[in-house]
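A short write-up of the structure that comes next.
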Amino acid sequence: MRKTALITGVTGQDGSYLAELLLGKGYTVHGIVRRSSTFNTERIDHIYQGPQDAGRTFVLHHADLTDGVALVNLLRDLQPDEIYNLGAQSHVRVSFDAPLYTGDVTGLSALRLLEAVRASGTRARVYQASSSEMFGSAPPPQNEHTPFHPRSPYGCAKVFGYWATVNYREAYGIHAVNGILFNHESPRRGETFVTRKITRAVARIKAGLQDRLYLGNLDAVRDWGYAPEYVEAMWRMLQRDEPDDYVVATGEAATVRQFAEIAFAHADLDWTAHVRYDPKYERPTEVDALIGDPGKARDLLGWQPRVRVAELAGIMVEADIRQLDDQLAGATVRIDR
Ligand code: NAP
Ligand code: F7E
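Residues 1 to 337 (UniProt numbering) make up the sequence shown, in order.
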């Protein structure tokens, strides 16, 4: 029997890699796409299957995480085996500008989805995309027992989603798990997260289209892993007989400054010649250091990270250089001076 999975946030970085992974494992994959006035499916266009394709295994549905009734209807119709709740307003800085919206989409929607599971009578296993941002100012290394001290509306919303998931597991016996993932990146990372902002700038500076890159706090420490490996951990969590919560991380740390240095050096550029500070990119409260302890995921899921930060930066720089080359070959590119 083919298994069926539903992914919220399928158009995002992780959703696109997870859809590929599950299709490769023989699942029928359903994804929620929110209505947009421009196309928002770029990350999944290469696996798109049209309504007319016979025997299609990848199906997209228009819905929004804030629309609880739509979620109930969808789950009642699909009766999926597994649900991956990856949809969120996921940008920490933006969550200070849109705190209530972030609380609704990123926090309350986790509860909406769990209620929809109950209301629709589906027996699906549920993965909740929890985040290392929940640890906030708790000193590293952080593991499953580290107390939460979130430092942004985004972090607070994720703490709400985390506890809703634990509560529904305890109260209703739902097979629900939290993956507490540390930062993970890829060539599909959103362009305003710091790693991708840096690697895109490296490509543009190398091509002579840009000279300066403005960044905020260069001293922040992060544990950056490779997104395709992290979605494998999500899947492994839902295959365990007992639902539980897991930290997923590399256990290695780098500062934003070090990431910039490595990324620029990969293209034979000196980062100090191009990077400038702009306080605009600081946050009202910062998370200084996130370094995860992935021991439990290693021992119980058999999961281990392979790509480390230097290789990751190289993968992303090369992909951005290739993408820019393709754009330059086929289209007009705006030149920032
Ligand atoms: P992402 O690229 O920002 O993707 C977020 C997804 O959520 C997109 O598909 C987005 O749709 C969708 N979405 C946003 N608002 C929605 C709404 N109201 N209704 C339905 N869908 C909505 O995020 P990601 O990096 O893949 O991360 C996946 C999940 O893991 C998120 O929950 C994030 O908070 C969490 N997380 C990420 C990391 C990380 O380092 N990447 C670490 C820990 C946890 P559009 O494409 O239309 O915008
Ligand atoms: O910032 C600093 C910034 O926006 C990383 C999300 O996926 O991971 C992500 O959240 C660090 C911060 O990611 C700029 O202050 C400096 O200290 O790439 P980021 P994030 O805030 O860590 C967690 C685990 C999630 O769950 C989130 O969804 O870099 N920084 N200068 C900057 N950050 C940005 N974005 N832009 C700058 O110019």
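The beta carbon of each residue, even a glycine, is placed where N, CA and C say it ideally should be.
Helix, strand or coil for residue i per DSSP?
i	result
Ser186	coil
Asn73	helix
Gly24	helix
His145	coil
Gln128	strand
His175	coil
Asp245	strand
Tyr101	helix
Thr38	coil
Val256	helix
Phe96	helix
Glu82	strand
Asp336	Note that Asp336 scores a pLDDT of 47, beneath 50, so its modelled location is shaky and nothing firm can be said.
Val48	Note on identity: in this sequence residue 48 is Tyr, with Val being the wrong assignment. Correct three-state label for Tyr48: coil.
Val307	coil
Thr106	helix
Arg212	coil
Leu181	strand
Ala319	helix
residue 340	As displayed, the chain neither begins before 1 nor continues past 337, which places residue 340 out of reach and without an answer.
Phe58	strand
Thr4	strand
Gly225	strand
Gly31	strand
Pro153	helix
Asp64	coil
Leu328	helix
Gly15	helix
Ser90	coil
Gly314	helix
Tell me the rounded alpha-carbon separation between residue i and residue j.
i	j	result
Gln49	Leu60	9 Å
Asn73	Thr255	45 Å
Gln80	Ala263	The amino acid occupying residue 80 in the given sequence is Pro; Gln does not appear at that position. Straight-line Cα distance between these residues: approximately 41 Å.
Ala253	Asp53	46 Å
Val309	Ser131	19 Å
Cys156	Arg56	39 Å
Ala63	Thr38	16 Å
Gln304	Arg298	6 Å
Tyr84	Ala203	33 Å
Asp293	Glu42	33 Å
Gly217	Asp77	It is worth fixing the name first, because residue 217 is Asn in this sequence and not Gly. Roughly 47 Å between the two C-alpha positions.
Val29	Asp211	43 Å
Thr102	Asp320	29 Å
Gly302	Val248	12 Å
Thr146	Tyr246	12 Å
Val317	Ile205	11 Å
Gly15	Gly9	6 Å
Ala129	His46	24 Å
Leu238	Arg2	16 Å
Ala267	Ala207	10 Å
Lys280	His149	24 Å
Leu312	Ala119	42 Å
Thr122	Leu300	27 Å
Glu191	Ala88	16 Å
Gly330	Leu209	16 Å
Leu269	Gly251	28 Å
Determine, using beta carbons only, whether residue i and residue j come nearer to each other than 9 Å.
i	j	result
Ile174	Leu114	yes
Tyr17	Glu82	no
Ala233	Leu181	yes
Gly68	Arg112	yes
Ile7	Leu22	yes
Glu282	Trp271	no
Ala98	Gly161	no
Arg196	Glu185	yes
Tyr277	Leu215	yes
Leu65	Val105	yes
Gln13	Arg189	yes
Trp224	Asn183	yes
Ile44	Thr11	yes
Pro284	Phe96	yes
Val307	Arg240	no
So, does the CB of residue i fall closer than 9 Å to a CB anywhere in chain B?
i	result
Leu111	Annotation note: the requested chain B is absent from the structure, which comprises a single protein chain.
With three or more beta-carbon pairs closer than 8 Å as the criterion, would you say the stretch 277-293 touches the stretch 131-147?
Result yes; three or more Cβ-Cβ pairs closer than 8 Å.
Near the ligand GDP, which residues have their beta-carbon less than 5 Å from any of its heavy atoms, given in chain order?
This structure simply doesn't include the ligand GDP; it includes the ligand NAP and the ligand F7E instead.
So does the stretch 155-169 actually touch the stretch 216-230, counting three or more Cβ pairs closer than 8 Å?
Contact between the stretch 155-169 and the stretch 216-230 is absent, with fewer than three C-beta pairs closer than 8 Å.
Evaluate the contact criterion for the stretch 91-98 versus the stretch 146-156: three or more CB pairs, one atom per stretch, below 8 Å.
Counting Cβ pairs under 8 Å, three or more are found: they touch.
Within the stretch 255-294, note down every full alpha helix (DSSP H) run reaching 4 residues or more, in order along the chain.
Within the stretch 255-294, the complete alpha helix (DSSP H) runs of at least 4 residues are 256-266.
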